[in-house]
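Q: Below is one structure. I have some questions about it.
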Amino acid sequence: MNDDGRTETGEQSPAPEQDKLLIEWLEIMHPRLARFGDFLTPREVVTDYSRDSLVSLERLILHRWPDRHAFAQEQDTDFNDGATRYIGETYLRIGGGGWFVNHDPKFLYSGRLCILLDVEMPVPISPLNLIITMLSRRTGNVLTRIWDGQTTNVTERRLTEPGWEPTREPFPGAIPMSRLSSALTPSVR
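Take 6 as the starting number for the sequence shown in the numbering used here and just add one per residue.
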């Protein structure tokens, strides 16, 4: 790291406090996911980390908010946190990888919780941005299109690399920034 707080690649290094906040957020993942599934979603919303669960969650979100502006005004941070966790963890279960927050102002999702899957040419996924996208587009297929694309990526990689399986980051699931910068393409840095 240079004197100005940047890494050798020129990126802003995260402050230890920011790293600590991410780790704390990750350490309570399982109880927060249980709360989301058991108390914050109606019974008819499936929460089994399947493709169908993403369909029912997207329906719930589209029913709950008429547009992204109404969502932005929402004060139910408990639901928003749970939905962010659930969407991210559902994708991580099919594609491996982990969570990160990049605070570089030049980063596409600066300051937002993101996941990066263990696939070839990974692209950061911001669950919060996906919620905003689904409320803007209102197609009902935002979450499943990503599921389908990532499932295809995993299947193709298994075919080209026999024995390969997606790998999750070890507990608590944060991707070290040192590995993250080399995984991101210049277009999303």
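Virtual Cβ for every residue (Gly too), placed ideally from N, Cα, C.
The model shown is predicted, which means the values in this text are computed figures rather than measured ones.
Go ahead and label P175 buried or exposed: buried means 16 or more other beta carbons lie within 10 angstroms of its beta carbon, across all protein chains shown.
A: To locate residue 175, count along the sequence shown from 1; it is residue 170. Of the residues assessed, P175 falls on the exposed side of the cut-off, its CB having fewer than 16 other CB atoms within 10 angstroms.
Q: Rank R73, I99 and A39 by C-alpha distance to the C-alpha of R142 and give the top, closest one.
A: Mapped onto the sequence shown, residue 142 falls at position 137. Ranking R73, I99 and A39 by Cα distance to R142 puts R73 first.
Q: If we call anything under 7 Å between Cβ atoms a contact, is E63 one with M139?
A: Mapped onto the sequence shown, residue 63 falls at position 58. Mapped onto the sequence shown, residue 139 falls at position 134. Yes, the pair counts as a contact, with Cβ atoms nearer than the cut-off.
Q: On the three-state DSSP scale, how would you describe F176?
A: Here residue 176 is taken as the residue at index 171 of the sequence shown, counted from 1. Reduced to three states, the DSSP call for F176 is coil.
Q: Who are the near neighbours of G15 in its chain, counting only those whose CB is closer than 7 Å to its CB and skipping five residues on each side?
A: Mapped onto the sequence shown, residue 15 falls at position 10. Caution is warranted here: a pLDDT of 48 is assigned to G15, below 50, making its placement in the model unreliable, and no coordinate value can be reported.
Q: List the whole-angstrom C-beta distance separating W169 from R162, where the pair is believed to meet the contact cut-off of C-beta under 8 Å.
A: The residue labelled residue 169 in the question sits at position 164 within the sequence shown. The residue labelled residue 162 in the question sits at position 157 within the sequence shown. W169 to R162, Cβ: 6 Å. Contact.
Q: Whole angstroms is fine: what's the gap from G103's alpha carbon to R69's?
A: Residue 103 sits at position 98 when you count from the first residue of the sequence shown. Residue 69 sits at position 64 when you count from the first residue of the sequence shown. Here the C-alpha atom of G103 lies approximately 29 Å from the C-alpha atom of R69.
Q: From what residue to what residue does the beta strand (DSSP E) around L118 run?
A: Along the sequence shown, read from residue 1 onward, the residue named residue 118 stands at position 113. Its beta strand (DSSP E) spans residues L118 to L121.
Q: If we count the other Cβ atoms within 10 Å of its Cβ and call it buried at 16 or more, is T46 buried or exposed?
A: Position 41 of the sequence shown, counted from the first residue, corresponds to residue 46. With 16 or more other Cβ atoms within 10 Å, it is buried.
Q: List the residues that DSSP assigns as beta-bridge partners of V106.
A: For the purposes of this step, residue 106 is taken as the residue at position 101 of the sequence shown. Paired residues: L118.
Q: Using the Cβ count rule (16 or more neighbours within 10 Å means buried), how would you classify T165?
A: As a first step, residue 165 is located in the sequence shown; it is residue number 160 there, counting from the start. Result: exposed.
Q: Give the straight-line distance between the Cα atoms of N134 and S55, rounded to the nearest whole angstrom.
A: Counting from 1 along the sequence shown, the entry for residue 134 is found at position 129. Counting from 1 along the sequence shown, the entry for residue 55 is found at position 50. Spanning the two alpha carbons is a distance of roughly 20 Å.
Q: So what's I151 in DSSP terms, helix, strand or just coil?
A: Taking the sequence shown and counting its residues from 1, one reaches residue 151 at position 146. Helix.
Q: Which residues does DSSP list as the beta-bridge partners of I130?
A: Indexing the sequence shown from 1 puts residue 130 at position 125. DSSP lists I120 as partners of I130.
Q: Tell me whether I185 is buried or exposed, calling it buried when 16 or more other Cβ atoms sit within 10 Å of its Cβ.
A: In the sequence shown, the residue the question calls residue 185 occupies position 180. Per the sequence shown, residue 185 should be read as Leu rather than Ile. By the 10 Å Cβ count, L185 comes out buried.
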